[in-house]
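**Student:** Line by line, the protein sequences give chains A and B. Residues 2 to 221, numbered by our numbering, are exactly what the first sequence covers, in order. Residues 807 to 1289, numbered by our numbering, are exactly what the second sequence covers, in order. All residues carry an ideal CB built from backbone N, CA and C; glycine is no exception.
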Amino acid sequence: MNGLTFDIAHLLAGSLVLVSFMMLYQDRLFALINVFALHAMVLALSVAWQAYIQDAHHLYITAAIALVFKAIVIPVGLHRIIQRLGIHRDIETAVGIGPTMLAGIGLVTLSMVLMLRVTPEADPLAREDLAFALSIILLGLLVMVTRRNAVSQVVGFMSLENGLVLAATGAKGMPLVVEISVAFSILIAFIVIGVFLFRIRERFDSVDVGALDDYRGERQ
Amino acid sequence: MTSSTFDAVAAILFIPAGAAAILAALPNYKMTAVVNVVASLLTLLAALSLFITERPAPGQYLLVDDLNIVFIVLNTFVGFTTSVFSASYIAHELETGRLTAPNLRFYHAMYQIMMFGMNLAFVSNNIGLMWVAVELATLTTVLMVGIYRTHEALEAAWKYFILGSVGIALALFGTILVYMAAQPVVGAGTNAMVWSVLIDKAAHFDPALLSVAFIFLLLGYGTKVGLAPLHAWLPDAHAEGPTPISAVLSGLLLNVALYAVLRFKLLLAASPEAIGPGPLMATMGLTSLIFAAFMLYRRRDIKRLFAYSSIEHMGIIVFAFGMGGPLANFAGLLHMVMHSLTKSAIFFAVGHVAQVKGTQKISEIRGLTESHPGLGWALVIGVVAIAGLPPLGIFMSEFLVVSSTFARFPLLAIPLVFGLLIAFGALLLRLTGLAFGEPRGGTAPVEASYVPMYSHLALVFAAGVYLPAPLVAWFQHVAGILG
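Right, here's the structure in full:
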């Protein structure tokens, strides 16, 4: 039984890394958002499984937030925003897909080597979760730096945050996990729906951060 | 007496929180500016009362000790003077139509929420709560940086948000790792995040895990401190937001992040087998100092110039704390206080200058001491202070940093002094242009309140001439705690 629970947790966390990889090569916004919805769904399953095996009922709340908010509300909202802004064209990737994937593999290797080495005494489940979580965080960062579009940067940030939730739920008995996931959701909600995109749209008729970049460094 | 102290801590948190709620509801902007000042003053008084009242025992969430009192008092003091400056600054912005009345309501409410976040970060005894508080303070400043809604302001806010979020994420991961390291020793649950518990038991934590955690925390919170190469948000955010926000960013928010780094440094120092945090911090500090010193030369925007100067000084401070030891810590602490006071005074002056001249371009501002003697001389004194000339306070703290470096790591003193001299040259070069010569640009009289900037400068001057013995004793004690 113990072996099976461990394997399932491992499988779910591993799939999360896999979905992070899928995000790297999506070159259309809608596809990227759909993959993110999948990411959030896998996270919800993973957190729910942790809640079950740790017998920590409050984690079900975190899982529910991930499922309802991140897998459904945010993707639907982003679809609407993209349609209304009329930017469902290709994402401009700043770096090609090949190098990005290679960098992703490098980052995952790095996080495995690092985390597994420094946590020899920790609980094996938490240890693997932590290694996967760091991979997801680094892949999320990679999505953020390789995209220039504001929406895809936000998606990258959200996938990064999923990695943090995975790490926090993996750490047995960590307090404030639910609070932190609520705080993050509020943050994301008002970033996504609200202020920035709206204003950027209002001012530039584009959510391409590249359009902001012509002004760089110094006021002339 | 315990109950009265509890009130002081509660007051520091509840006055800003309550004021934010009131300010969000008040429609009249003149009244909101006054309420903002009053609330900030009350918070300052509450913070001062921490000195005289008895301290509560550290709880699961809140803690008052000798270290954070220094930060809290400095924070609330600069918060108060900035609110006074902000009142006169904002009135002008309203006249010129850069801000509207609803903007101001939002601005003042955000100002108090930011103060709440910063105070909470200082008094929190729980590393999770501290993270939440730093995040809150950062987000409110992001919103305020973008308040003008111009092209540049939005880019600055977006950049700040993206880099800040990455910093937040790394810091949270570091926090989780600290919990993981603590959990086998302290046991699962809230206690494994309580700083005063962690510091007692840190010697038994897994050193490798703790070391990795510190690297994440240093990178995460270091982004907020503005350490190179993670500083990219800082100049933009300073240049494009309202000037009172530039003043609190430089004077206060950077300190909040620095405080978080210091807390975790202590944790690491308590674990003998973990990596030494000192060399990492010293390296990042020196890099920031030298990088920023060179960047000072090519600035054309006055607020950007002083933003880079903040990176430079945070570099010096982090370097001093990284070196450690009683003298270097004392110097770092003193330098932090002096820098906060001086830099916010400079931003007060710069804010009014930019308003009367209608520009932030250095090349279009000339001869300030002739056209606006009050502002011009404040700027001269401020820049002379920040460049590290005697007899002002920063000279003394920089002198202490340099001399303790010479005494302990003579080789490191070479790049340190080199960086200081480069920055010194750049600042004086710019200052002569700004302050002297034929006046250029608007010469309209300025409706500035000189009190905040001159009171800061007076304090910096006083500290340079004579530091009262109790203050020295207090700082020495805190420097001792910092190890």
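Check whether the Cβ of M999/B lies closer than 8 Å to any Cβ atom in chain A.
**Tutor:** Working through the second sequence from its first residue, we reach residue 999/B at position 193. With 8 Å as the cut-off, M999/B counts as an interface residue toward chain A.
**Student:** So, A72/A versus M42/A, is the Cβ gap smaller than 8 Å?
**Tutor:** Position 71 of the first sequence, counted from the start, is the residue given in the question as residue 72/A. Position 41 of the first sequence, counted from the start, is the residue given in the question as residue 42/A. Yes.
**Student:** How about S971/B: is its C-beta nearer than 8 Å to some C-beta of chain A?
**Tutor:** Along the second sequence, read from residue 1 onward, the residue named residue 971/B stands at position 165. Output row for S971/B: interface = yes.
**Student:** What would DSSP say about G218/A, mapped onto helix, strand or coil?
**Tutor:** If you number the first sequence from 1, residue 218/A lands on position 217. Interpretation of G218/A is limited by its pLDDT of 44, a score under 50 that renders its predicted location unreliable; the figure taken from the coordinates is listed afterwards. Coil.
**Student:** Between P1197/B, F928/B, M999/B, I1021/B, which lies nearest to Q866/B when the distance is taken from Cα to Cα?
**Tutor:** To locate residue 866/B, count along the second sequence from 1; it is residue 60. The shortest Cα separation from Q866/B among P1197/B, F928/B, M999/B, I1021/B belongs to M999/B.
**Student:** Where does the unbroken alpha helix (DSSP H) through I1200/B begin, and where does it stop?
**Tutor:** For the purposes of this step, residue 1200/B is identified with residue 394 of the second sequence, where counting begins at 1. Note, I1200/B: alpha helix (DSSP H), 1199 to 1214.
**Student:** Apart from the five residues just before and just after A1043/B, which ones in its own chain have a Cβ nearer than 6 Å to its Cβ?
**Tutor:** Counting from one through the second sequence, the residue named residue 1043/B turns up at place 237. The residues are V951, A962, Y966.
**Student:** Looking at chain B, is there any beta carbon in it that lies within less than 8 Å of the beta carbon of P100/A?
**Tutor:** Start at 1 with the first residue of the first sequence, and residue 100/A comes out as number 99. Not an interface residue.
**Student:** May I have the straight-line CA-CA distance separating R1172/B from H957/B, to the nearest angstrom?
**Tutor:** The residue you call residue 1172/B lines up with position 366 of the second sequence. The residue you call residue 957/B lines up with position 151 of the second sequence. Near 27 Å, if we compare the C-alpha coordinates of H957/B and R1172/B.
**Student:** Any idea which residues DSSP pairs S930/B with across the strands?
**Tutor:** Looking up residue 930/B in the second sequence gives position 124. According to DSSP, S930/B bridges with L868/B.
**Student:** For E131/A, would you say it is in contact with chain B, using Cβ-to-Cβ distances shorter than 8 Å as the test?
**Tutor:** Position 130 of the first sequence, counted from the start, is the residue given in the question as residue 131/A. The residue asked about is misnamed: residue 131/A is Leu in this sequence, not Glu. With a threshold of 8 Å between beta carbons, L131/A makes contact with chain B.
**Student:** Name, please, each residue of chain B whose Cβ falls closer than 7 Å to the Cβ of V119/A.
**Tutor:** As a first step, residue 119/A is located in the first sequence; it is residue number 118 there, counting from the start. Simply A1014, L1015, V1018.
**Student:** Is the number of C-beta pairs between the region 1111 to 1126 of chain B and the region 1022 to 1038 of chain B that are closer than 8 Å three or more?
**Tutor:** yes
**Student:** From A1019/B to L139/A, what distance separates their C-alpha atoms?
**Tutor:** To locate residue 1019/B, count along the second sequence from 1; it is residue 213. To locate residue 139/A, count along the first sequence from 1; it is residue 138. Their backbone Cα atoms lie some 15 Å apart in a straight line.
**Student:** Which residues in the same chain have their Cβ closer than 6 Å to the Cβ of M1120/B, if we skip the five residues on either side of it in sequence?
**Tutor:** Here residue 1120/B is taken as the residue at index 314 of the second sequence, counted from 1. Excluding residues within five positions, the ones whose Cβ falls inside 6 Å are V1031, G1032, L1060.
**Student:** Is P125/A close to chain B, meaning its C-beta is less than 8 Å from at least one C-beta of that chain?
**Tutor:** Position 124 of the first sequence, counting from 1, holds the residue named residue 125/A. Not an interface residue.
**Student:** Note down, one range per segment and in chain order, each alpha helix (DSSP H) of at least 4 residues found wholly within the region 1073 to 1103 of chain B.
**Tutor:** 1083 to 1101
**Student:** Below 8 Å between beta carbons: does that hold for A168/A and F979/B?
**Tutor:** On the first sequence, position 167 is the one that residue 168/A refers to. On the second sequence, position 173 is the one that residue 979/B refers to. Closer than 8 Å, so yes.
**Student:** Which chain A residues sit within Cβ distance under 8 Å of L945/B?
**Tutor:** On the second sequence, position 139 is the one that residue 945/B refers to. Neighbours of L945/B on chain A, chain order: L188.
**Student:** Between F7/A and chain B, is any beta-carbon pair separated by less than 8 Å?
**Tutor:** By one-based count along the first sequence, residue 7/A stands at place 6. Not one chain B Cβ lies under 8 Å of F7/A.
**Student:** Within 8 Å (strictly less), CB to CB, does G174/A reach chain B?
**Tutor:** As a position in the first sequence, residue 174/A is number 173, starting the count at 1. Yes, G174/A counts as interfacial toward chain B.
**Student:** Are the CB atoms of A988/B and Y1027/B within a distance shorter than 8 Å?
**Tutor:** Numbered from its first residue, the second sequence carries residue 1027/B at position 221. Numbered from its first residue, the second sequence carries residue 988/B at position 182. Contact flag unset, no.
**Student:** S1115/B by DSSP, collapsed to three states: which one?
**Tutor:** What you label residue 1115/B is simply residue 309 of the second sequence in a count that begins at 1. In this structure, S1115/B counts as helix in the three-state DSSP scheme.
**Student:** Within 8 Å (strictly less), CB to CB, does F1153/B reach chain A?
**Tutor:** Locating residue 1153/B in the second sequence gives position 347, counting from the first residue. Chain A contact via Cβ: absent.
**Student:** For L1192/B, count neighbouring C-beta atoms within 10 Å of its own C-beta (all shown protein chains included) and say buried if the count is 16 or more, exposed if not.
**Tutor:** Translated into positions along the second sequence, residue 1192/B becomes position 386. Per the sequence shown, residue 1192/B should be read as Ile rather than Leu. I1192/B counts as buried, since no fewer than 16 other beta carbons sit within 10 angstroms of its beta carbon.
**Student:** Less than 8 Å separating the beta-carbons of L1058/B and M924/B?
**Tutor:** Within the second sequence, numbered from 1, the residue matching residue 1058/B stands at position 252. Within the second sequence, numbered from 1, the residue matching residue 924/B stands at position 118. Contact: yes.
**Student:** Can you tell me the Cα-Cα spacing of P1085/B and L1217/B, whole angstroms?
**Tutor:** Locating residue 1085/B in the second sequence gives position 279, where the first residue counts as 1. Locating residue 1217/B in the second sequence gives position 411, where the first residue counts as 1. One C-alpha to the other measures close to 14 Å.
**Student:** Below 8 Å, how does it come out for the region 1220 to 1234 of chain B and the region 1099 to 1118 of chain B: are there three or more Cβ pairs, yes or no?
**Tutor:** Touching, per the Cβ criterion.
**Student:** For D8/A, name the three-state secondary structure that DSSP assigns.
**Tutor:** Translated into positions along the first sequence, residue 8/A becomes position 7. Three-state DSSP puts D8/A in a helix.
**Student:** List the residues of chain A that G995/B touches, going by C-beta distances under 7 Å, in chain order.
**Tutor:** Start at 1 with the first residue of the second sequence, and residue 995/B comes out as number 189. Near G995/B (Cβ distances below 7 Å), the residues of chain A are G174, P176.
**Student:** Over what stretch of residues does the alpha helix (DSSP H) that includes V1003/B continue unbroken?
**Tutor:** Locating residue 1003/B in the second sequence gives position 197, counting from the first residue. 1001 to 1007 is the span of the alpha helix (DSSP H), which, as asked, contains V1003/B.
**Student:** On the criterion of 16 or more Cβ atoms from any shown chain inside 10 Å, does I1287/B qualify as buried, or is it exposed?
**Tutor:** Looking up residue 1287/B in the second sequence gives position 481. Flag for I1287/B reads exposed.
**Student:** Give the straight-line distance between the Cα atoms of L850/B and V870/B, rounded to the nearest whole angstrom.
**Tutor:** The count along the second sequence starts at 1 and reaches residue 850/B at position 44. The count along the second sequence starts at 1 and reaches residue 870/B at position 64. Whole-angstrom Cα-Cα distance: 15 Å.
**Student:** Using 8 Å as the limit for Cβ to Cβ distance, is A168/A near chain B?
**Tutor:** As a first step, residue 168/A must be located in the first sequence, where it is residue number 167. Yes, A168/A lies at the interface with chain B (some Cβ there is under 8 Å from its Cβ).
**Student:** Hey, quick one: how far does the alpha helix (DSSP H) through V130/A stretch, first residue to last?
**Tutor:** Against the first sequence, residue 130/A aligns to sequence position 129. A small fix is needed here, since residue 130/A is Asp in this sequence, not Val. 125 to 147 is the extent of the alpha helix (DSSP H) around D130/A.
**Student:** Verify the CB distance criterion: does R985/B have a CB-CB separation below 8 Å to chain A?
**Tutor:** Here the question's residue 985/B lines up with position 179 in the second sequence. For clarity, residue 985/B is Tyr in the given sequence; the question names Arg instead. So yes, Y985/B belongs to the interface.
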